Structures are given as C-alpha cells and as structure tokens.
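Q:
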Amino acid sequence: MLNGTQTWSRTGAIVLIVFACMISAKIMITKVDYVSNADYLTMKVQVHNETEGSTVDVDGNLYMDVSQGVFVNIDLDSKMDGQYMTMIGTSKELCSTDDVGMDPVVPLLNEELEKFGNLTFNCPFQKGYYRIRRFRMSDDHMLVKMVPPGQYIVKMDLQHQQPNATDKNPVFKLSFYFEIS
Ligand SMILES: *[C@@H]1O[C@H](CO)[C@@H](O)[C@H](O)[C@H]1NC(C)=O
Ligand SMILES: *[C@@H]1O[C@H](CO)[C@@H](O)[C@H](O)[C@H]1NC(C)=O
Ligand SMILES: *[C@@H]1O[C@H](CO)[C@@H](O)[C@H](O)[C@H]1NC(C)=O
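Here the sequence shown stands for residues 1 to 181, numbered as in the numbering used here.
1. Does the beta-carbon of G128, which I'm using as the reference point, lie nearer than 7 Å to any heavy atom of ligand 2?
2. On the DSSP bridge assignment, give the partners of G82 in chain order.
3. Mind listing, in chain order, the continuous alpha helix (DSSP H) runs of no fewer than 4 residues lying wholly within the stretch 117-163?
4. To which residues of the same chain is H48 closer than 6 Å at the C-beta, ignoring the five residues directly before and after it?
5. To the nearest whole angstrom, what separates the beta carbons of Y40 and V171, a pair I think is in contact under 8 Å?
6. So N110 is in the alpha helix (DSSP H); what residue range does that whole segment cover?
7. Quick check: is any heavy atom of ligand 2 less than 7 Å from the C-beta of N225?
8. Count the other CB atoms within 10 Å of the CB of V147; is the residue buried (16 or more) or exposed (fewer)?
9. Using a Cβ-Cβ cutoff of less than 8 Å, which residues in the same chain neighbour C21 once the five nearest sequence positions on both sides are dropped?
10. Around the Cβ of K127, are there at least 16 other Cβ atoms within 10 angstroms (buried) or fewer (exposed)?
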C-alpha cells in the first residue's frame with residue numbers, strides 16, 4: 001500500500017522524467033571560485049569552453065594522509081528572481097561506512113570523476129598529486145537531467161576534523177557558477 005509520501009515522490013519522479021525528455025542540456029560554466037587551506041593542499045582549477053559545453057581541469061597536491069573525519073557539503077543553488085537559493089544539499093562523512101547508500105550524490109559524482117582522472121571523494125586520501133582533465137557531466141547523466149535550464153551554483157565545502165578535536169578545519173571550498181541551456 002502506498003502512503004501519501006510514496007505517492008507524492010512517485011508523482012515527482014514522473015514529472016522529472018517528463019522534464020528530462022524535453023531537455024537537451026548544455027552546461028556552460030561562467031565562473032569558478034575556490035579557496036584551499038595550504039596546510040592540507042594546493043589546488044588549481046581551470047575551465048575550458050568547448051562547443052559541447054564547459055570542461056574542467058583540476059590539479060591538486062595533498063600534503064598529508066587523511067583517513068577519518070572528512071566532511072563534505074554539496075549544495076545546488078538555483079537563480080530565481082535574481083537571487084540564488086539552495087534547492088538541494090547533501091552532507092556526508094566521507095570516511096564513515098555507516099550511511100552507505102543513504103546519499104546517492106557523492107557515489108554518482110565519484111563514478112563520473114573516475115573517468116577523467118584520479119581525484120575523487122573516495123576516502124582514504126593519500127598524500128600526493130592528483131589531477132582531473134577535461135571533466136564534464138554528460139548531458140544524459142541522471143544528475144544533469146534532473147535540473148531544468150537556468151542559472152546555478154554548485155558549491156562544495158570540504159572540512160576535516162582531527163581525532164578528538166571539537167572543531168573542523170576548512171580544507172577547500174569550490175563554487176562552480178553555470179548555466180544550463
Ligand atoms: C565561457 O563561456 C561563458 C558563457 O558564454 C563565459 O561567461 C565565460 O567567461 C567563458 N569562460 C572562459 C574561460 O572563456
Ligand atoms: C594521479 O594521476 C597523476 C597523473 O596521471 C599521477 O602523476 C599521480 O601520481 C596520481 N596520483 C596518485 C596519488 O596516484
Ligand atoms: C583521543 O581520545 C581517545 C579516547 O578518549 C584516546 O584514547 C586517544 O589517545 C585520543 N587521541 C588523541 C590523538 O588525543
């Protein structure tokens with residue numbers, strides 16, 4: 001038997017599928033902002049405009065091994081009436097195995113990132129050099145098809161909590177401003 005919530009999410013899924021069929025998405029990145037904590041890493045992000053959409057290069061140097069206490073927040077903000085508002089967000093402890101399967105966004109992103117290099121959100125993180133070349137989200141990827149044309153920001157915020165520490169250290173913040181047409 002379906003309860004109200006299940007009926008509602010099924011309706012939502014159908015609406016999304018209908019939307020997805022109408023869209024042939026093209027993603028153009030208009031701006032990238034990032035800061036990184038030099039105690040942990042240095043990072044360089046470059047965007048290329050190509051005819052099929054933007055692609056991204058990332059070079060990162062991680063200065064220490066990290067195998068616990070890594071938290072990531074990923075938000076999608078959408079521009080409505082001239083203002084960005086958070087539509088969906090996800091938070092995850094990357095090294096914890098407790099909530100495997102709860103959140104599909106990080107595993108789906110990892111699967112895409114792995115196609116373009118060796119920088120992913122897979123814990124543990126070993127010190128060393130990492131890179132991504134010409135990363136792009138495919139137009140027919142589920143995560144892209146869920147999003148109608150418009151202006152957006154994807155924000156990633158990674159933090160680290162040392163063993164027994166009460167505070168989290170910022171590691172990096174990365175914002176991609178983009179348009180889907
Ligand atoms: C890429 O194209 C977008 C939209 O046309 C533009 O705003 C942006 O400045 C371009 N970026 C680069 C790196 O050329
Ligand atoms: C990641 O890939 C780059 C380029 O192929 C390579 O130089 C680097 O050693 C790799 N990093 C790790 C930690 O395996
Ligand atoms: C963290 O706390 C545990 C349990 O209280 C203790 O055994 C351990 O030595 C502490 N580790 C550090 C790095 O302080």
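We treat Cβ as the ideally placed atom computed from N, Cα and C, and that holds for glycine.
Values in this document were obtained by computation on a predicted structure and should not be read as measured data.
A: Quick answer:
1. Proximity of the beta carbon of G128 to ligand 2 is indicated: a heavy atom of the ligand is located closer than 7 Å.
2. None; G82 has no bridge partner.
3. Along the length of the stretch 117-163, whole alpha helix (DSSP H) runs at least 4 residues long occupy 142-145, reported in chain order.
4. Same-chain partners within the cutoff: T55.
5. Indeed, because the Cβ distance is near 5 Å, the residues count as touching under 8 Å.
6. From DSSP, the alpha helix (DSSP H) with N110 extends over V105 to L113.
7. With the chain covering 1 to 181 only, the question about residue 225 has no answer from this structure.
8. When all chains shown are included, V147 counts as buried.
9. For C21, the predicted structure reports a pLDDT of 46, less than 50, and the residue's modelled location is therefore unreliable. The matter cannot be settled from this model.
10. Under this definition K127 is an exposed residue.
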